[in-house]
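Trainee:
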Amino acid sequence: MPVIMPIYGTRPEAIKMAPIVEALKDSETFECVVTVTGQHRAMLDQVNELFGIVPDHDLNIIQQRQSLNSIMTKTIDGLDRLFDSSKPDAVIVQGDTTTSTAAAIAAFYHGIPVVHVEAGLRSGNLLSPFPEEANRKITSQIASLHLAPTSTSKANLLAENIAEEDIAVTGNTVIDALLETVEKQVPFTDPQLEELAASGKRILLVTTHRRENQGDAMRGVGRALARIADSEPGLAIVLPVHKNPAVREAVLPAIEGKSNVIVTEPLAYGQFTRLLALSHIVLTDSGGVQEEAPSLGKPVLVMRENTERPEAVFAGTVSLIGTDERRIFDEVIRLLHSESQFEAMANAVNPYGDGSAAQRTIAALECLLGLGERLPDFGLPTSE
Ligand code: UD1
Ligand code: UDP
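This is how it looks when you write it as structure tokens:
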């Protein structure tokens with residue numbers, strides 16, 4: 004039985020890989036061997052635990068305030084040894100983290116086919132997001148199979164001369180994970196959040212972590228949140244704060260002591276999706292949250308200058324507002340007070356997937372290894 008090795012290391016990869024791991028474990032065609040790098044620790048383990056995934060191999064590479072080169076070299080070194088002793092028939096990497104690109108390089112050097120999930124996202128700016136735009140472009144150069152979430156991402160790959168027969172459009176597996184998880188309505192472990200859910204207050208859900216926003220821009224985000232909290236005392240701002248100390252140092256000082264701001268540790272995925280569903284507006288620089296919130300009809304203000312996920316911007320649910328402190332304040336206040344703008348943005352749209360991305364992934368994998376046929380691409384009509 005061919006051995007397939009999903010390799011991942013951070014929270015978003017774990018969430019987006021979980022439906023694939025579940026499908027591989029159910030498959031009668033493949034044996035699934037899960038390897039994690041441990042680029043994240045607590046935030047990675049939280050996801051694996053939720054989905055009941057026990058990794059077969061764990062490189063445990065994390066260091067406090069780790070450098071990109073340390074993630075890259077430790078991952079390649081760890082996988083080099085692993086592939087010397089046991090070689091899978093294919094590896095699956097997800098997205099654009101340094102774990103995913105390092106794993107793709109390590110596999111490529113061992114002659115192992117690389118399957119790239121969430122292929123073809125492009126912002127068009129090598130420095131934003133940094134280093135993700137470079138990471139995903141590198142992986143595209145060495146992957147054998149490119150699983151594009153949307154037809155836009157497929158078009159990006161075609162424009163870079165990736166062969167059409169090596170691309171399948173699957174939808175994003177984050178929608179599979181979201182749909183499976185959000186309906187469970189899990190309890191919050193933090194009593195403040197249970198109280199908030201019962202209060203019916205309007206919630207502004209905030210997440211921030213992007214490397215290029217750390218420092219001045221993120222300090223500005225903190226100040227903007229403090230101003231919003233002061234001018235909207237009836238609003239609850241909830242910030243599940245990333246584990247990265249650089250994020251905490253930048254964003255937390257300005258909002259400390261504000262009675263209508265709740266700062267929590269990273270929420271387990273089930274709790275986060277419930278909070279997302281309860282929220283009024285989402286303010287974020289996250290990639291995954293940009294994909295999930297439109298599915299639940301939540302207006303999203305994205306604290307970035309560009310996005311590699313233009314689909315929900317076209318649909319009107321996502322707006323790019325940058326990281327200027329005053330602009331963040333103005334945009335949030337406007338959306339809170341303009342019913343027409345809110346109604347225009349609060350549309351449930353699903354440009355990123357239909358919940359069957361993992362199934363399409365398994366079929367494309369079977370096709371790659373000569374064991375079956377692909378399914379029709381996501382977004383194409385399946386019957387006449
Ligand atoms: C990483 C990815 C980014 C992704 C993000 C998702 C890279 C270069 N960056 O960025 O693409 O969007 O994850 O969150 O691959 N830490 C902990 N415990 C954890 C997680 C992080 O202590 O569970 C701390 C550590 O001090 C670590 C730091 O956060 O050194 C930064 O983590 P790192 O993975 O390097 O960068 P992220 O900003 O999380
Ligand atoms: N998420 C979570 N708990 C939190 C914050 C986010 O489970 O406290 C989930 C969120 O639903 C999304 C993913 O984490 O699926 C996004 O991760 P992150 O923002 O860290 O990375 P990005 O998507 O920007 O790479």
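For the sequence shown, the working numbering assigns the number 4 to the initial residue and increments by one for each residue that follows. Even glycine gets a Cβ: it sits at the ideal position worked out from N, Cα and C.
1) So, do the stretch 161-177 and the stretch 244-258 have three or more beta carbon pairs nearer to each other than 8 Å?
2) Assuming contact is defined by CB atoms lying nearer than 8 Å, are Val39 and Leu27 in contact in what I supplied?
3) Give the straight-line distance between the Cα atoms of Gly291 and Asp83, rounded to the nearest whole angstrom.
4) How long is the line joining the alpha carbons of Asp80 and Arg329, rounded to whole angstroms?
5) In the DSSP assignment, find the unbroken beta strand (DSSP E) run with Leu286 in it and report its ends.
6) What residue from Asp327, Thr364, Asn309 has the CA that sits closest to Pro132's CA?
7) Are there any heavy atoms of the ligand UDP lying less than 7 Å away from the beta-carbon of Ser282, as far as the coordinates show?
8) Secondary structure at Tyr355, three-state DSSP: helix, strand or coil?
9) With 16 other CB atoms within 10 Å as the buried threshold, where does Gln97 fall?
10) Within 10 angstroms of its Cβ, does Met20 collect 16 or more other Cβ (buried), or is it exposed?
11) Quickly, what does DSSP pair Tyr11 with across the bridge? List them, please.
12) Considering just the uninterrupted stretch of the beta strand (DSSP E) at Leu160, what are its terminal residues?
13) By a C-beta neighbour count over all protein chains shown, 10 Å radius and 16 as the cutoff for buried, is Glu121 buried or exposed?
14) What does DSSP give as the partner residues of Asp61 in its beta bridges?
15) Out of Ile331, Asn51, Leu130, Val118, which one is the CA nearest neighbour of Leu371?
16) To which residues of the same chain is Glu387 closer than 8 Å at the C-beta, ignoring the five residues directly before and after it?
17) What is the rounded straight-line gap between the Cα of Met216 and the Cα of Thr326?
18) Quick check on Gln66: does DSSP put it in helix, strand or coil?
19) Should Ser143 and Leu130 be called a contact, given that it needs their Cβ atoms to be closer than 8 Å?
20) In terms of DSSP beta bridges, what is Val185 paired with?
21) Spatial neighbours of Asp193 within its chain, please: CB distance less than 6 Å, with the 5 preceding and 5 following residues excluded, ordered by chain position.
22) Tell me the rounded alpha-carbon separation between Asn128 and Glu136.
23) In whole angstroms, what is the alpha-carbon distance linking Gln67 and Gly218?
24) What's the call for Gly300, buried or exposed, on a 16-neighbour Cβ count within 10 Å?
25) With a cut-off of 8 Å, do at least 3 Cβ pairs link the stretch 329-349 to the stretch 144-157?
26) Considering Ala315, what are the terminal residues of the alpha helix (DSSP H) in which it resides?
27) Beta carbon of Thr101: closer than 7 Å to some heavy atom of the ligand UD1?
28) Specify the secondary structure class of Glu311 as computed by DSSP and reduced to three states.
29) Quick one, are the C-beta atoms of Val6 and Asp87 less than 8 Å apart?
Mentor: Reading off the structure:
1) Look at the beta carbons and you see the stretch 161-177 not touching the stretch 244-258: under three pairs across the two are nearer than 8 Å.
2) no
3) Their backbone Cα atoms lie some 30 Å apart in a straight line.
4) 45 Å
5) Going by DSSP, Leu286 is part of the beta strand (DSSP E) stretching over 284-287.
6) For Pro132, the nearest C-alpha among the options comes from Asn309.
7) no
8) coil
9) buried
10) buried
11) Val39
12) The continuous stretches of beta strand (DSSP E) do not include Leu160, which lies in the alpha helix (DSSP H) extending over residues 154-162.
13) buried
14) Paired residue(s): Val39.
15) Looking at the Cα atoms, Val118 is the closest of the given residues.
16) Note that Glu387 scores a pLDDT of 47, beneath 50, so its modelled location is shaky and nothing firm can be said.
17) The sequence shown places Asn at residue 216, rather than the Met named in the question. Taking the straight line from one Cα to the other gives about 8 Å.
18) coil
19) Not in contact: Ser143 and Leu130 (Cβ atoms no closer than 8 Å).
20) Paired residues: none, contrary to the question.
21) Thr267
22) 7 Å
23) Cα to Cα, the separation comes out at about 17 Å.
24) exposed
25) no
26) 314-318
27) yes
28) coil
29) no
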